[in-house]
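Read the structure below first, then the notes.
Number of protein chains: 2
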Amino acid sequence: METQEKLVALADRMIRMQGYNAFSYKDLSGPMHIKNAAVHYYYPTKANLGVAVIDQTIREINQSKQRWADLPVDQQLEQFAQLYARDHEAELVCLMGSLAPDYRTLPETMQAKVQQMGEEILDWLTDCITKGREQGLFHFKGDPYDRALLVISTLLSALLLARVLGGDTFQRMYRQLLADIMV
Amino acid sequence: METQEKLVALADRMIRMQGYNAFSYKDLSGPMHIKNAAVHYYYPTKANLGVAVIDQTIREINQSKQRWADLPVDQQLEQFAQLYARDHEAELVCLMGSLAPDYRTLPETMQAKVQQMGEEILDWLTDCITKGREQGLFHFKGDPYDRALLVISTLLSALLLARVLGGDTFQRMYRQLLADIMV
DNA sequence: AAAGTTGCTTACTTACTAGTAAGTCAATAT
DNA sequence: ATATTGACTTACTAGTAAGTAAGCAACTTT
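Residue numbers (my numbering), protein chains in the order written: chain W, 1 to 183; chain L, 184 to 366.
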C-alpha cells in the first residue's frame with residue numbers, strides 16, 4: 001500500500017476512533033514517519049482528506065453490494081450487519097455514527113458526501129428489505145423504507161452505545177435486530 | 184438565570200449542536216459578553232464544565248421521571264420520546280448521541296458520567312417497558328432490557344440521521360418506533 | 001544531457017486552544 | 001472603618017491547529 005492509500009486508511013481509523021474534530025495531521029504523519037507537510041502534499045486541506053475517506057467508504061460498500069448480489073436477501077442483510085460486528089471488534093464506530101454528530105461543523109463538501117453515503121446505504125437496504133418481505137424471508141409492519149431506517153439506526157447506535165455501556169451491549173442489539181425482522 | 188447556570192446551558196447547547204471537541208471557551212464567553220477567563224473562574228477545566236453539563240442532564244431526566252411517575256407507562260414512554268422530538272425541533276442531538284462517538288477522547292471524569300447517564304436512562308426504560316408488557320400495554324419479543332436498548336437506540340439515531348438525511352426522517356422513525364411496541 | 005515530475009523535508013505563519021497569575025471593583029461581613 | 005469575598009478583567013503562556021513557500025534528491029521523459 002502506498003502513502004496516499006495509507007493516509008486515507010489511517011484517517012478513516014482516526015475519524016471512527018476519535019472523531020473528525022479530534023484528530024490532526026500529526027496523528028497521521030507521526031505513525032507514518034513522515035512530516036506534517038507531506039500529508040498536505042497529498043491532501044491540501046483536511047476537507048479533501050475527509051472527502052477521500054468517505055469516497056473510499058462508499059466504494060467499499062458498493063463492492064460489498066456487488067459481492068453479495070447473488071446471495072439470498074436474508075443472507076445479504078446478515079452480511080451487512082456483520083460489517084458492523086467487525087467494526088465493533090475493532091472498537092470502531094461506523095463512519096455515519098462518527099460524522100453525523102459533527103455534521104454541522106463539517107465543510108460543505110464533506111456534508112454532501114456524508115449525505116450521499118447515507119442515501120446509498122438506505123436505498124440498498126430498502127431494496128433488500130422489500131424483496132425479503134416479498135419472498136417471505138422477512139416480516140415486519142410498516143413501510144420498508146422506515147424499516148431500513150430502523151435497521152441502520154440499530155446497527156449504528158449499537159456501536160455507539162457499546163462504547164459507553166460496554167459488556168455485551170452490541171451482541172444483544174445485534175441479535176434482537178435480526179430476531180425482529182427474520183421470520 | 185445566573186452566569187454559572189447560563190454557562191452550563193450554553194455549553195450543553197454547543198455540545199449537542201457541534202460536539203464536545205468542536206466548541207471552545209470563546210463560544211461561551213462571546214455570546215455571554217464575558218471574558219474567556221471568567222469561564223475558567225467557574226469551570227477551571229473543560230472537563231469540569233463537561234461533567235457539569237452531564238450532571239445537569241441527569242438531574243433533568245430524574246425530574247422528568249418523577250413528574251411522570253403517576254402516569255400510565257405507555258404515556259411515560261411517549262413523554263420520554265417527546266423529549267427527543269423537542270431536541271429534533273431545536274436541531275439538537277441528544278447528549279449521548281453527541282458524546283458517545285467522542286467517548287475515547289473524553290477525560291475519564293466525563294466518561295464515568297456519560298456511562299452513569301446511560302445506565303440510569305436504560306434502567307428506567309427497562310422498568311417502564313417491563314411494566315408495560317405486564318400490564319398488556321406493550322407487546323414485543325425478547326428481553327425488556329434488550330428492547331429498552333433498541334428504544335434508546337432508535338431515538339438517539341433518529342436525531343443523528345435526521346441531521347444528515349433531513350426531511351421527515353425523524354418523524355418516520357418516531358412513528359415506527361411507537362407502532363412497533365404499542366399494542 | 002537537460003528539463004520536468006514525484007515525493008517528500010525544512011522552515012515558517014497565522015490563528016486558536018486551554019489554562020493561569022495577578023489585579024480590580026463592588027458588595028458584604030466584622 | 002476595615003477586611004474579606006465574589007465576580008469578574010487584563011494580560012499573559014505554552015502548546016497545537018491547519019496551512020504554505022521554497023527547496024532538494026531521485027527518478028523519468030525528451
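Glycine residues also receive a C-beta, built at the ideal position from the N, C-alpha and C atoms. Because the structure is a prediction, the values reported are computed rather than measured.
| task | Note down, in chain order, all residues in the region 141-160 of chain W with a beta-carbon under 8 Å from any beta-carbon belonging to chain L. | result | 141, 142, 143, 145, 146, 147, 149, 150, 152, 153, 154, 156, 157, 158 and 160
| task | Could you round the C-beta distance between residue 309 of chain L and residue 327 of chain L to whole angstroms and report it? I think they count as a contact, below 8 Å. | result | By one-based count along the second sequence, residue 309 of chain L stands at place 126. By one-based count along the second sequence, residue 327 of chain L stands at place 144. Correct: roughly 5 Å between the Cβ atoms.
| task | Could you list the residues in the region 282-313 of chain L with a C-beta less than 9 Å from some C-beta on chain W, going in chain order? | result | If the cut-off is 9 Å between Cβ atoms, the region 282-313 of chain L has 282, 283, 284, 285, 286, 287, 288, 294, 297, 298, 300, 301, 302 and 305 near chain W.
| Shortest alpha-carbon distance to residue 148 of chain W belongs to which of L:317, L:344 and L:335? | Along the first sequence, one-based indexing puts residue 148 of chain W at 148. Residue L:344 is the option with its Cα nearest to residue 148 of chain W.
| query | With residue 54 of chain W and residue 117 of chain W assumed to form a contact (beta carbons below 8 Å), what rounded beta-carbon distance in angstroms separates them? | reply | In the first sequence, counting from the first residue as 1, residue 54 of chain W sits at position 54. In the first sequence, counting from the first residue as 1, residue 117 of chain W sits at position 117. At roughly 6 Å, the Cβ-Cβ gap stays under 8 Å, so residue 54 of chain W and residue 117 of chain W are in contact.
| said: Tell me which residues share the same chain as residue 239 of chain L and place their Cβ nearer than 6 Å to its Cβ, disregarding the 5 neighbours each side in the sequence. | reply: As a working note, residue 239 of chain L is residue 56 in the second sequence. Non-local C-beta neighbours of residue 239 of chain L in its own chain, meaning closer than 6 Å and more than five positions away in sequence, comprise 191, ordered along the chain.
| said: Do residue 264 of chain L and residue 361 of chain L have their beta-carbon atoms positioned less than 8 Å apart in this structure? | reply: Here residue 361 of chain L refers to the residue found at position 178 when the second sequence is read from its first residue. Here residue 264 of chain L refers to the residue found at position 81 when the second sequence is read from its first residue. A contact, by the Cβ cut-off of 8 Å.
| Closer than 8 Å, Cβ to any Cβ of chain L: which residues of the region 18-44 of chain W, in chain order? | 18, 19, 21 and 22
| query | Since residue 169 of chain W meets chain L, which of its residues come closer than 8 Å, beta carbon to beta carbon? | reply | Translated into positions along the first sequence, residue 169 of chain W becomes position 169. Within chain L, the residues near residue 169 of chain W are 332.
| query | In chain order, what residues of the same chain have a beta carbon less than 6 Å from the beta carbon of residue 233 of chain L, not counting five sequence neighbours either side? | reply | Translated into positions along the second sequence, residue 233 of chain L becomes position 50. Within the same chain, residue 233 of chain L has close Cβ partners 293.
| Exposed or buried, residue 254 of chain L, counting other C-beta atoms within 10 Å across all chains shown (16 or more means buried)? | The residue given as residue 254 of chain L occupies position 71 in the second sequence. Residue burial annotation: residue 254 of chain L is exposed, with fewer than 16 other C-beta atoms found within 10 angstroms of its C-beta.
| Which of the three DSSP states, helix, strand or coil, is assigned to residue 184 of chain L? | Taking the second sequence and counting its residues from 1, the one referred to as residue 184 of chain L is at position 1. Three-state DSSP puts residue 184 of chain L in coil, outside helix and strand.
| task | Note down, one range per segment and in chain order, each alpha helix (DSSP H) of at least 4 residues found wholly within the region 335-363 of chain L. | result | none
| message | On the criterion of 16 or more Cβ atoms from any shown chain inside 10 Å, does residue 280 of chain L qualify as buried, or is it exposed? | response | Against the second sequence, residue 280 of chain L aligns to sequence position 97. With 16 or more other Cβ atoms within 10 Å, it is buried.
| query | Within this structure, are the beta carbons of residue 47 of chain W and residue 107 of chain W separated by less than 8 Å? | reply | Counting from one through the first sequence, the residue named residue 47 of chain W turns up at place 47. Counting from one through the first sequence, the residue named residue 107 of chain W turns up at place 107. Yes; because the gap between Cβ atoms is below 8 Å, this pair is in contact.
| said: Quick check: the Cα distance between residue 287 of chain L and residue 273 of chain L, rounded to an integer number of angstroms? | reply: Residue mapping note: residue 287 of chain L aligns to position 104 of the second sequence, counting from 1. Residue mapping note: residue 273 of chain L aligns to position 90 of the second sequence, counting from 1. Spanning the two alpha carbons is a distance of roughly 27 Å.
| said: Is the separation between the beta-carbon of residue 225 of chain L and that of residue 259 of chain L shorter than 8 Å? | reply: On the second sequence, position 42 is the one that residue 225 of chain L refers to. On the second sequence, position 76 is the one that residue 259 of chain L refers to. No, they are not a contact pair.
| request: At 9 Å on the CB atoms, spell out the chain W contacts of residue 346 of chain L, in chain order. | output: On the second sequence, position 163 is the one that residue 346 of chain L refers to. Going along chain W in sequence order, the residues near residue 346 of chain L (Cβ under 9 Å) are 100, 101, 103 and 104.
| What are the start and end residues of the alpha helix (DSSP H) that includes residue 103 of chain W? | Position 103 of the first sequence, counted from the first residue, corresponds to residue 103 of chain W. That residue, residue 103 of chain W, is in no alpha helix (DSSP H); it is neither H nor E in DSSP.
| said: Counting only C-beta atoms, is residue 176 of chain W closer than 8 Å to chain L at any point? | reply: As a position in the first sequence, residue 176 of chain W is number 176, starting the count at 1. Closer than 8 Å to some Cβ of chain L, the Cβ of residue 176 of chain W qualifies, so yes.
| request: Work out the CA separation of residue 92 of chain W and residue 44 of chain W for me, nearest whole Å. | output: By 1-based counting over the first sequence, the position of residue 44 of chain W is 44. By 1-based counting over the first sequence, the position of residue 92 of chain W is 92. Distance from the CA atom of residue 44 of chain W to the CA atom of residue 92 of chain W, rounded to whole angstroms, is 26 Å.
| said: Short of 8 Å in beta carbon distance, which residues of its chain neighbour residue 262 of chain L, apart from the five on each side in sequence? Order them along the chain. | reply: Residue numbering aside, residue 262 of chain L sits at position 79 when the second sequence is read from its first letter. These residues qualify, in order along the chain: 247, 251 and 254.
| query | For residue 67 of chain W, which residues in chain L fall below 9 Å Cβ to Cβ? | reply | Position 67 of the first sequence, counted from the first residue, corresponds to residue 67 of chain W. Neighbours of residue 67 of chain W on chain L: none; closest Cβ ~26 Å, over 9 Å.
| Excluding sequence positions up to five away, which residues of its chain have a Cβ less than 7 Å from the Cβ of residue 35 of chain W? | Along the first sequence, read from residue 1 onward, the residue named residue 35 of chain W stands at position 35. Excluding positions up to five away in sequence, the list reads 29.
| task | Check the Cβ of residue 182 of chain W against every Cβ in chain L and list those closer than 7 Å, keeping chain order. | result | Position 182 of the first sequence, counted from the start, is the residue given in the question as residue 182 of chain W. Near residue 182 of chain W there are no residues of chain L at all, since even the closest Cβ is about 11 Å away, more than 7 Å.
| Under three-state DSSP, which class holds residue 323 of chain L? | Locating residue 323 of chain L in the second sequence gives position 140, counting from the first residue. If DSSP states are grouped into helix, strand and coil, residue 323 of chain L belongs with coil.
| said: Using CA atoms only, rank isn't needed, just tell me which of W:95, W:163, W:84 and W:15 is closest to residue 283 of chain L. | reply: Counted from its first residue, the second sequence places residue 283 of chain L at position 100. Taking only the C-alpha atoms, the option nearest residue 283 of chain L is W:163.
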